[in-house]
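Working notes, beginning with the structure itself.
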Amino acid sequence: MTPAAGGLRALFLAPAWLTMAGLFLLPIAVVLAYSFLTRGAYGGQDLPWTVESYIRMWDPLYLGILARSFLLAGAVTVLCVPLAFPLALFIARSGRHKLLWLNLVMLPFFTSLLVRTYAWMFLLRDTGLVNTLLLKLGVVAAPLPLLYNDGAVIVGLVYSYLPFMVLPIYATLERIDLALLEAAADLGERPWGVTRRVLLPLARPGILAGAVLVFIPSLGSYLTPDLLGGGKSILVGNVIQNQFTTARDWPFGAALAIGLMLLVLLLLRWWEARGGGELG
Amino acid sequence: MSSSRPTRLLRASAGLVLAFLYLPLAALMAFSVNDSAATVWQGFSLRWYRELWQDSSILAATANSLLIALASTLCSTVVGTLAAYALWKQRSRLLLSTVYLSLVTPEVVMGVALLALYQAVFRFLDIRLGMHTVILAHVSFSISYVVLVVLARLRTMDATLEEAAMDLGATELQAFYRVTLPGLAPAIAAAALLAFSISFDDYVITSLVAGVDSETLPMLIYAKARRAISPSVNALCAVIVVVMGSLVLLAQRLQER
Numbered sequence: 001m002t003p004a005a006g007g008l009r010a011l012f013l014a015p016a017w018l019t020m021a022g023l024f025l026l027p028i029a030v031v032l033a034y035s036f037l038t039r040g041a042y043g044g045q046d047l048p049w050t051v052e053s054y055i056r057m058w059d060p061l062y063l064g065i066l067a068r069s070f071l072l073a074g075a076v077t078v079l080c081v082p083l084a085f086p087l088a089l090f091i092a093r094s095g096r097h098k099l100l101w102l103n104l105v106m107l108p109f110f111t112s113l114l115v116r117t118y119a120w121m122f123l124l125r126d127t128g129l130v131n132t133l134l135l136k137l138g139v140v141a142a143p144l145p146l147l148y149n150d151g152a153v154i155v156g157l158v159y160s161y162l163p164f165m166v167l168p169i170y171a172t173l174e175r176i177d178l179a180l181l182e183a184a185a186d187l188g189e190r191p192w193g194v195t196r197r198v199l200l201p202l203a204r205p206g207i208l209a210g211a212v213l214v215f216i217p218s219l220g221s222y223l224t225p226d227l228l229g230g231g232k233s234i235l236v237g238n239v240i241q242n243q244f245t246t247a248r249d250w251p252f253g254a255a256l257a258i259g260l261m262l263l264v265l266l267l268l269r270w271w272e273a274r275g276g277g278e279l280g
Numbered sequence: 281m282s283s284s285r286p287t288r289l290l291r292a293s294a295g296l297v298l299a300f301l302y303l304p305l306a307a308l309m310a311f312s313v314n315d316s317a318a319t320v321w322q323g324f325s326l327r328w329y330r331e332l333w334q335d336s337s338i339l340a341a342t343a344n345s346l347l348i349a350l351a352s353t354l355c356s357t358v359v360g361t362l363a364a365y366a367l368w369k370q371r372s373r374l375l376l377s378t379v380y381l382s383l384v385t386p387e388v389v390m391g392v393a394l395l396a397l398y399q400a401v402f403r404f405l406d407i408r409l410g411m412h413t414v415i416l417a418h419v420s421f422s423i424s425y426v427v428l429v430v431l432a433r434l435r436t437m438d439a440t441l442e443e444a445a446m447d448l449g450a451t452e453l454q455a456f457y458r459v460t461l462p463g464l465a466p467a468i469a470a471a472a473l474l475a476f477s478i479s480f481d482d483y484v485i486t487s488l489v490a491g492v493d494s495e496t497l498p499m500l501i502y503a504k505a506r507r508a509i510s511p512s513v514n515a516l517c518a519v520i521v522v523v524m525g526s527l528v529l530l531a532q533r534l535q536e537r
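Each protein sequence line maps, in turn, to chains A and B.
Numbered by the working numbering, the letters in the first sequence go through residues 1 to 280 in order.
Numbered by the working numbering, the letters in the second sequence go through residues 281 to 537 in order.
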């Protein structure tokens with residue numbers, strides 16, 4: 001490459017570096033600094049430097065919320081697998097319409113997280129579609145409490161992040177040599193056995209990648225638990241937001257944000273160590 | 281070949297999952313043209329759409345959202361495209377890692393981090409939260425998407441074309457501008473549409489860094505969703521689904537070209 005190439009490259013990279021450094025790395029650094037400060041008398045943060053916020057994180061109350069977040073995100077991830085697998089398998093085998101089906105799966109994902117979450121509020125609330133139908137049909141006498149609980153949050157998160165499970169599973173199934181499946185069938189394996197003993201193990205890397213892609217945004221989610229959990233189903237993301245708004249304890253909120261960030265990075269590391277490779 | 285075509289069971293289960301993905305949105309849209317405030321079908325009516333049109337707060341929020349999305353898309357598309365081109369010429373692990381890191385950062389963390397930064401800057405400058413802080417925040421989270429979409433396209437392109445142009449006397453800038461950029465146009469348009477839709481939809485980060493004059497459409501929908509139910513929210517959501525859906529379809533079309 002000519003020396004001039006270096007000049008143009010630097011010129012082209014500069015705005016991106018400026019943005020990423022100024023509006024991403026710097027804010028994270030500020031949060032890191034705040035997490036070691038003391039809460040100010042009127043909110044905000046003040047000297048002296050302290051690790052108080054990090055000690056407070058080990059309070060059973062917050063450990064409990066963290067455990068809940070893990071459990072909920074785990075449940076979402078596990079539920080996504082049996083939903084995504086048949087869809088991914090179907091797409092992998094739909095011949096020349098593959099792209100069309102893939103786009104169909106991705107379309108709801110790109111059309112507004114807020115609207116998709118609101119759609120579930122419309123379905124699940126006391127006067128919502130599901131309860132209205134059940135009442136009309138005489139199945140129940142009073143509306144069921146479907147909204148504002150963990151179940152609603154799990155459904156909403158599964159609904160939001162299912163495409164993230166479908167895509168990587170599809171990508172691995174797509175690459176599987178069909179001769180392997182035929183061989184298994186020729187050797188007397190029934191279709192269900194082929195799926196369970198040949199197809200599923202071969203699709204493992206895709207399922208694992210999907211699990212990471214679903215688990216991480218679920219763990220850090222804020223909007224879905226806020227709207228569908230209605231304050232009763234609180235995840236770590238909601239606690240962070242609350243510390244920066246209503247509770248006005250920025251150092252503690254900052255420490256929680258750094259903690260969540262570290263957890264996400266650890267999860268990615270663990271996944272990479274298992275041969276996951278780069279995301280994206 | 282029995283195992284290569286979808287069986288009836290597979291078709292049925294895939295159909296059910298697709299129904300799960302689409303029915304909630306379909307129900308929402310169906311009841312947006314219902315002539316009743318209750319969730320009971322009473323006949324076709326566009327009254328909720330008329331109500332939308334007459335609601336000045338919705339129009340103002342839409343204008344804010346459009347302005348923010350257009351401004352941030354313009355910035356992130358230009359900056360992101362230039363960066364993707366430079367990364368294609370020569371990888372930079374550091375910048376790519378930063379891009380990936382920003383993609384896996386939970387939105388709420390990104391939001392409070394930007395809020396903390398703004399607050400720290402405001403100590404020294406006489407500025408407040410407003411449209412400008414929201415636009416900057418949106419630029420910061422949409423750049424990564426632009427970089428990845430444009431870079432993916434560049435990786436399918438032939439690098440020797442530029443060399444040929446330069447052998448024939450083009451400067452480096454001319455080679456970029458006349459040879460590579462025209463071929464990149466569909467990918468850049470797709471990236472811009474993606475950035476636009478992500479910006480237009482964002483609630484979590486926006487709500488943390490917005491000022492009194494910068495209420496966006498998602499913030500308004502959120503407030504209405506938290507409060508009582510008005511089917512006009514269904515109508516608003518239906519409009520958003522249709523507009524965003526069309527944009528995304530257009531972006532997918534462009535990327536396949």
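Glycine included, each C-beta is placed from N, C-alpha and C at the ideal position.
Is the beta carbon of residue i less than 7 Å from the beta carbon of residue j?
i, j, result
"Val-427/B", "Val-379/B", "yes"
"Leu-326/B", "Phe-90/A", "no"
"Ala-257/A", "Ile-234/A", "no"
"Met-20/A", "Cys-80/A", "no"
"Tyr-118/A", "Ala-307/B", "no"
"Cys-517/B", "Val-76/A", "no"
"Leu-178/A", "Ala-92/A", "no"
"Tyr-502/B", "Tyr-483/B", "yes"
"Arg-408/B", "Gly-491/B", "yes"
"Val-31/A", "Val-384/B", "no"
Do we get a CB-CB distance below 7 Å when we pair residue i with the residues of chain A?
i, result
"Ile-485/B", "no"
"Asp-335/B", "no"
"Ser-526/B", "no"
"Glu-495/B", "no"
"Val-388/B", "yes"
"Ile-348/B", "no"
"Asp-447/B", "no"
"Asp-315/B", "no"
"Asp-481/B", "yes"
"Gln-535/B", "no"
"Ile-520/B", "yes"
"Leu-290/B", "yes"
What did DSSP end up calling residue i once you bin it into helix, strand or coil?
i, result
"Phe-324/B", "strand"
"Arg-39/A", "strand"
"Leu-395/B", "helix"
"Asp-46/A", "strand"
"Asn-131/A", "helix"
"Asn-103/A", "helix"
"Asn-314/B", "strand"
"Gly-147/A", "According to the sequence shown, residue 147/A is Leu rather than Gly. Coil, per DSSP."
"Thr-287/B", "coil"
"Glu-189/A", "coil"
"Phe-70/A", "helix"
"Tyr-302/B", "helix"
"Ala-450/B", "coil"
"Gln-370/B", "coil"
"Phe-404/B", "coil"
"Val-492/B", "coil"
"Tyr-483/B", "coil"
"Arg-458/B", "helix"
Quick check on residue i - is its C-beta less than 7 Å from some C-beta in chain B?
i, result
"Val-130/A", "no"
"Leu-202/A", "no"
"Leu-72/A", "no"
"Thr-172/A", "no"
"Gly-280/A", "Note that Gly-280/A has pLDDT 39, beneath the 50 cutoff, so the model's placement of it is unreliable and no number is given."
"Met-57/A", "no"
"Ser-112/A", "yes"
"Phe-252/A", "no"
Give the C-beta separation of residue i and residue j to the nearest angstrom, bearing in mind that I take them to be a contact with Cβ-Cβ under 8 Å.
i, j, result
"Gly-463/B", "Met-437/B", "6 Å"
"Val-153/A", "Pro-225/A", "5 Å"
By the criterion of Cβ-Cβ separation under 9 Å, what are the contact partners of residue i in chain D?
i, result
"Glu-443/B", "Of the protein chains in the structure, A and B, none is chain D."
Which residue's Cα is closest to the Cα of residue i: the options?
i, options, result
"Ile-28/A", "Leu-381/B, Ile-407/B, Ser-487/B", "Leu-381/B"
"His-412/B", "Val-489/B, Ile-520/B, Glu-331/B, Leu-516/B", "Val-489/B"
"Ala-203/A", "Lys-136/A, Leu-180/A, Ala-67/A, Tyr-170/A", "Tyr-170/A"
"Asp-493/B", "Leu-296/B, Ser-345/B, Trp-333/B", "Ser-345/B"
"Ile-415/B", "Val-297/B, Leu-431/B, Tyr-398/B, Asp-406/B", "Tyr-398/B"
"Leu-354/B", "Ser-372/B, Leu-405/B, Val-320/B, Ala-470/B", "Ala-470/B"
"Ala-73/A", "Met-121/A, Leu-219/A, Gly-259/A, Leu-87/A", "Leu-219/A"
"Ser-221/A", "Ala-211/A, Val-214/A, Leu-26/A, Gly-237/A", "Gly-237/A"
"Val-419/B", "Ser-352/B, Leu-527/B, Gly-323/B", "Ser-352/B"
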